[in-house]
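Trainee: Using the numbering used here, the first residue of the sequence shown is number 377, and each one after it goes up by one.
Backbone N, C-alpha and C define an ideal beta-carbon position, used for all residues, glycine too.
In this text, all values refer to a predicted model and were calculated from it rather than measured experimentally.
Just passing along the structure, written as structure tokens.
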Amino acid sequence: MAVATTIALLLRTRRPLTVRFAAMAASVAAYYTGVLGSAIAGDRLALLSARVIAGGFIVVTASIFFDTILGEISGVARRRRRVPFAIAALVVVTGMTPWVREPWVSGPLVALVVLTLALRVRAVLARAARVDSQAERTRLRYLGIGGLVALLASQLDVLAAVGVGAPAIGGIVVAVYLYFISQALLKSRLLDLHELLGKALVFGTLALLLALVYGALNIAIGDRRGLFLSTTMVASSLILILFEPAKAALEEAAARIFFREQLTFARGLRRLVRDLQTVIELPSALNTVLDEIYDSKRATHAGVWLLERDGMSFVLQGHRGPPPAKLLDAKTHPALFAHLLKSQTPVLREAIARRLVEPEKSKEALTGDQPRPAPTTQDEALVRGLDALNADLVVPLRAQGGVAGLLCLRDERLADAFASDEIAALIEVADQLAITIENSRLFGVLRERDRLAALGEMSAGLAHEIRNPLAAIKGAAQELDPKRIGGDDGELMQIIIDEVNRLNVVVTEFLDYARPFRGTFVPMSLNDAVRRTTQLMQHDLADVEMVVELQSDLPDVSGDAERLQQVMINLILNAADAMGRKGRLTITTKTSADLSDLALWSLKGPRMFVEVRIKDEGPGIPTRLLEQIFIPFFTTKARGTGLGLALCQRIIQHHGGAIEVRSIEGHGATFVVRLPALPQKKRDAAG
């Protein structure tokens, strides 16, 4: 069994820790080969020298392996190993002499080997008592207690060999212990108790099944050795036929016994993946995922965050359990934000805590790679980010080569909440949810396009029917000439003309808003657009002090110059009106703050953004109105149409940008237009 475990592990990986484990397992295999040879020979002293020498090598290889597991790879640890190495050398040398057959020699040697190995196991348990991480402490206890049980069980074999009558189960216990260590190495984590018991049930039952098949056939043939080959082939064929279905049935039974909650959770998640494939509405998809996770009782906290279109932040869309942070961005938690967008892999608090608890033990020491430097404040920053999200596990929602959002979970009842198969199922859910998000957004775009097309078609006909009578009314009023009529009648006639003009503006703006966006996108300079706009408006805003601050090396953008100028004119007029057409108006262009580092992080965004800021000194916008100013037909002006800002927002969104307002009541307002900058190579090509 030890040999099979060693070969199976080495066939998959040959990292340093794996090789050290293989050396220990090979030493154990050599020892039990000697035990088997002694049993076959019927002489307890047979191959005694080989067994003693193998025991010495077990001391050496076990010391090196356990030191590596504990991360003790320094010079101090190597010096501390001198004592067990000296003991091992004494055992090996003595095993090569005839004295080893003397009970007064072999007995103390066995005791010395057992004592040395017991001290190594004690070191593991002592380390478990010192660590702060509950998960790490539990794993080390499993490793230490398992080693202690295997060591004590091996002594039952010694007692059985000297005729005490103890059950010779040491070989089985040691083989099982080695098997589970090998599984832990392959998974880069120690198994928890439920996994241990579940795998023990599967492993033990399959071994028993094999033994029963071969045993029954051997009993059947008795002394008829001529049938040995044929019966062995029959037994092997029978085992091959039964192995896979038996293994599947046993794993299912073990899951029902030991992992009932986890099994139900994983099945629910896989059913959820199928359900999400038929969901289009994003709120419905998010609620379905959160309800399934929370109602399963496998998480006390669950939440979904989605990446904003500008790629600068994740915003909370829904949660179950205590409320987490609503925003994750490069300012609040830069380490976690950058890690998620760059690595696009799940973040597990357990793995980070392991690095923090053992500064000298790197992940590579646990998985067999070369040691890396001790964890820095980066790991501590990741933990702070997880705390803000109420998460022990963060699964990115990956879409189109980037991250569309985050699925965060925590089960505060357990230190090591989620098993490997659960994490795998959660990744499937996250991937499908990311697809649903993209489909929902595409569906929203198509639906909006169809809505605007229908609205535009209806508006064109409606505008035609409205403009014709408006033109007639205006023409008749102008023909009467308010100045010639004079008095109250002339004033009323002028009101008719003014209102007709205003209504015509409303119809024109409504047509612009409802008409599908059509524009010619070319590389252009926002600095040039700002200069042209301010020059154009200087005459109309003669009493407004316009201060223009342009960044000299501002990147170009891809846009429709006429439409962008329309946006700036609208925003400048609004700002001037807010100040009563008097005061100071500041127009600034710049690259977006902190976005040079976000270039590699955003989902599909460019390397940087360009901003145009228009700041006035007016009374500001009341907080209660900030969320309504971009709604069509909402206006605070006595004669406003309520379509200007809505149209501006639509134009900017069609340019792949965003428009936002920042205002403190009584201290003016600042409108910020943010557009994606062209990459350098495109600007060079355009130049």
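When the Cα atoms are used, what is the spatial distance from Met472 to Ile615?
Mentor: For the purposes of this step, residue 472 is taken as residue 96 along the sequence shown, with counting starting at 1. For the purposes of this step, residue 615 is taken as residue 239 along the sequence shown, with counting starting at 1. About 42 Å.
Trainee: Going by the CB atoms, is the gap between Gln870 and Glu814 shorter than 9 Å?
Mentor: Working through the sequence shown from its first residue, we reach residue 814 at position 438. Working through the sequence shown from its first residue, we reach residue 870 at position 494. No.
Trainee: Going residue by residue through the segment 817-862, where are the continuous alpha helix (DSSP H) segments of at least 4 residues, counting only ones entirely within it?
Mentor: The qualifying runs are 858-861.
Trainee: Am I right that Pro1052 and Val933 are in contact with their C-beta atoms under 8 Å? What's the rounded C-beta distance?
Mentor: For the purposes of this step, residue 1052 is taken as residue 676 along the sequence shown, with counting starting at 1. For the purposes of this step, residue 933 is taken as residue 557 along the sequence shown, with counting starting at 1. The pair is a contact, with the Cβ atoms about 7 Å apart (cut-off 8 Å).
Trainee: For Leu424, which of Phe441, Ser968 and Val467 has the nearest alpha-carbon?
Mentor: Mapped onto the sequence shown, residue 424 falls at position 48. Cα-wise, what sits closest to Leu424 is Val467.
Trainee: Look up Asp705 in the DSSP assignment and say whether it is helix, strand or coil.
Mentor: Counted from its first residue, the sequence shown places residue 705 at position 329. It is a strand residue.
Trainee: Leu846 to Val691, Cα distance in whole Å?
Mentor: In the sequence shown, counting from the first residue as 1, residue 846 sits at position 470. In the sequence shown, counting from the first residue as 1, residue 691 sits at position 315. Distance between the alpha carbons of Leu846 and Val691 is about 47 Å.
Trainee: Just grab the DSSP bridge partners of Pro899 for me.
Mentor: Counting from one through the sequence shown, the residue named residue 899 turns up at place 523. For Pro899, which the question treats as bridged, DSSP gives the partners Ser934.
Trainee: Sort Ser719, Tyr670, Pro722 and Pro710 by Cα distance to Pro698 and report the nearest one.
Mentor: Looking up residue 698 in the sequence shown gives position 322. When only C-alpha atoms are compared, the closest one is Tyr670.
Trainee: Would you decide whether Asp929 is buried or exposed? Buried here means 16 or more other CB atoms lie within 10 Å of its CB.
Mentor: Counting from 1 along the sequence shown, the entry for residue 929 is found at position 553. By the 10 Å Cβ count, Asp929 comes out exposed.
Trainee: Residues in the same chain with beta-carbon distance under 7 Å from Val589, minus the five sequence neighbours each way, listed in chain order, please.
Mentor: Taking the first residue of the sequence shown as 1, we reach residue 589 at position 213. Hits under 7 Å: Ala611, Leu614 and Ile615.
Trainee: Would you tell me roughly how many angstroms separate the C-alpha atoms of Ile521 and Ala551, rounded to the nearest one?
Mentor: Translated into positions along the sequence shown, residue 521 becomes position 145. Translated into positions along the sequence shown, residue 551 becomes position 175. Cα to Cα, Ile521 sits roughly 15 Å from Ala551.
Trainee: Judging by CA-CA distance, which residue of Gly547, Ala529 and Arg1026 is the nearest neighbour of Glu824?
Mentor: Mapped onto the sequence shown, residue 824 falls at position 448. Residue Arg1026 is the option with its Cα nearest to Glu824.
Trainee: Classify Ile1040 as buried or exposed, calling it buried when 16 or more other Cβ atoms lie within 10 Å of its own Cβ.
Mentor: Numbered from 1 along the sequence shown, position 664 holds the residue referred to as residue 1040. Under this definition Ile1040 is an exposed residue.
Trainee: Three-state secondary structure (DSSP) at Thr581?
Mentor: On the sequence shown, position 205 is the one that residue 581 refers to. In the structure shown, Thr581 sits in a helix (DSSP, three-state: H, G or I).
Trainee: Can you tell me which of the three DSSP states Phe690 falls into?
Mentor: Counting from one through the sequence shown, the residue named residue 690 turns up at place 314. In the structure shown, Phe690 sits in a strand (DSSP, three-state: E or B).
Trainee: Pull up the CB-CB distance for Val770 and Leu762, whole angstroms please, since I reckon it's below 8 Å.
Mentor: For the purposes of this step, residue 770 is taken as the residue at position 394 of the sequence shown. For the purposes of this step, residue 762 is taken as the residue at position 386 of the sequence shown. Confirmed, Cβ separation roughly 7 Å.
Trainee: Have a look at Gly547, Leu516 and Ala438 and flag the residue whose alpha-carbon is nearest the alpha-carbon of Glu496.
Mentor: Your numbering for residue 496 matches position 120 in the sequence shown. Note on residue identity: the sequence assigns Arg, not Glu, to residue 496. For Arg496, the nearest C-alpha among the options comes from Ala438.
Trainee: Are the segment 661-680 and the segment 642-651 touching, with three or more C-beta to C-beta distances below 8 Å?
Mentor: These segments touch.
Trainee: Hey, could you find the ends of the alpha helix (DSSP H) Trp480 is sitting in?
Mentor: Within the sequence shown, the letter at position 104 stands for residue 480. Its alpha helix (DSSP H) spans residues Pro479 to Arg506.
Trainee: Secondary structure at Lys958, three-state DSSP: helix, strand or coil?
Mentor: Reading the sequence shown from its first residue, position 582 is the one you call residue 958. Residue state, collapsed to three classes: coil.
Trainee: For Ile1028, tell me which candidate among Gly644, Ala800, Ala727 and Gln941 has the shortest Cα-Cα distance.
Mentor: Mapped onto the sequence shown, residue 1028 falls at position 652. Closest option to Ile1028, Cα to Cα, is Gln941.
Trainee: Nearest by alpha-carbon distance to Leu809: which of Gly679, Ala852, Leu818 and Gln653 is it?
Mentor: Position 433 of the sequence shown, counted from the first residue, corresponds to residue 809. Here the closest residue by C-alpha is Gln653.
Trainee: Enumerate in chain order the residues of its own chain whose CB-to-CB distance from Ala499 is below 8 Å, with the five nearest sequence positions on each side excluded.
Mentor: As a working note, residue 499 is residue 123 in the sequence shown. Phe442 and Leu446.
Trainee: In whole angstroms, what separates the C-alpha of Leu818 from that of Ile811?
Mentor: Indexing the sequence shown from 1 puts residue 818 at position 442. Indexing the sequence shown from 1 puts residue 811 at position 435. Near 11 Å, if we compare the C-alpha coordinates of Ile811 and Leu818.
Trainee: Looking only at its own chain, which residues have a Cβ that is under 7 Å from the Cβ of Ala1034, when we skip the five neighbours before and after it?
Mentor: Within the sequence shown, residue 1034 is the residue found at index 658, counting from 1. So the list reads Arg685, Asp686, Ile1028 and Arg1050, once near-sequence residues are dropped.
Trainee: Going by DSSP, what residues sit across from Leu783 in a beta bridge?
Mentor: To locate residue 783, count along the sequence shown from 1; it is residue 407. Answer is Val680 and Val771, bridged to Leu783.
Trainee: Note down the Cα distance separating Glu788 from Ala399, rounded to an integer number of angstroms.
Mentor: On the sequence shown, residue 788 is found 412 positions in, with the first residue counted as 1. On the sequence shown, residue 399 is found 23 positions in, with the first residue counted as 1. Their Cα atoms are separated by approximately 39 Å.
Trainee: In or out: His1043 buried (at least 16 other Cβ within 10 Å) or exposed?
Mentor: To locate residue 1043, count along the sequence shown from 1; it is residue 667. With fewer than 16 other Cβ atoms within 10 Å, it is exposed.
Trainee: State the Cα-Cα distance for the pair His677 and Gly694, rounded to the nearest angstrom.
Mentor: Walking along the sequence shown from the start, residue 677 turns up at place 301. Walking along the sequence shown from the start, residue 694 turns up at place 318. Approximately 11 Å, taken between the alpha carbons.
Trainee: Taking the Cβ atom as the reference point for each residue, do Ile963 and Ile990 lie within a distance shorter than 9 Å?
Mentor: As a first step, residue 963 is located in the sequence shown; it is residue number 587 there, counting from the start. As a first step, residue 990 is located in the sequence shown; it is residue number 614 there, counting from the start. In this structure, Ile990 lies closer than 9 Å to Ile963 by Cβ.
Trainee: Excluding five sequence neighbours on each side, which residues of the same chain lie with their C-beta closer than 6 Å to the C-beta of Phe1047?
Mentor: Working through the sequence shown from its first residue, we reach residue 1047 at position 671. Closer than 6 Å at Cβ, skipping near neighbours: Leu947, Ile990 and Val1037.
Trainee: Could you tell me the alpha carbon to alpha carbon distance between Asp755 and Ile728, rounded to whole angstroms?
Mentor: Along the sequence shown, read from residue 1 onward, the residue named residue 755 stands at position 379. Along the sequence shown, read from residue 1 onward, the residue named residue 728 stands at position 352. Using only the alpha carbons, I get a separation of about 6 Å.
Trainee: Please list the terminal residues of the continuous beta strand (DSSP E) segment that includes Phe461.
Mentor: On the sequence shown, position 85 is the one that residue 461 refers to. Unbroken run through Phe461 is the alpha helix (DSSP H), Arg458 to Gly471; no beta strand (DSSP E).
Trainee: Here's the rule I'm using: 16 or more other beta-carbon atoms within 10 Å means buried, otherwise exposed. How should Glu987 be labelled?
Mentor: Translated into positions along the sequence shown, residue 987 becomes position 611. That one is buried.
Trainee: DSSP state of Ser414, grouped into three classes?
Mentor: Stepping through the sequence shown from its first residue, residue 414 is reached at position 38. Correct three-state label for Ser414: helix.
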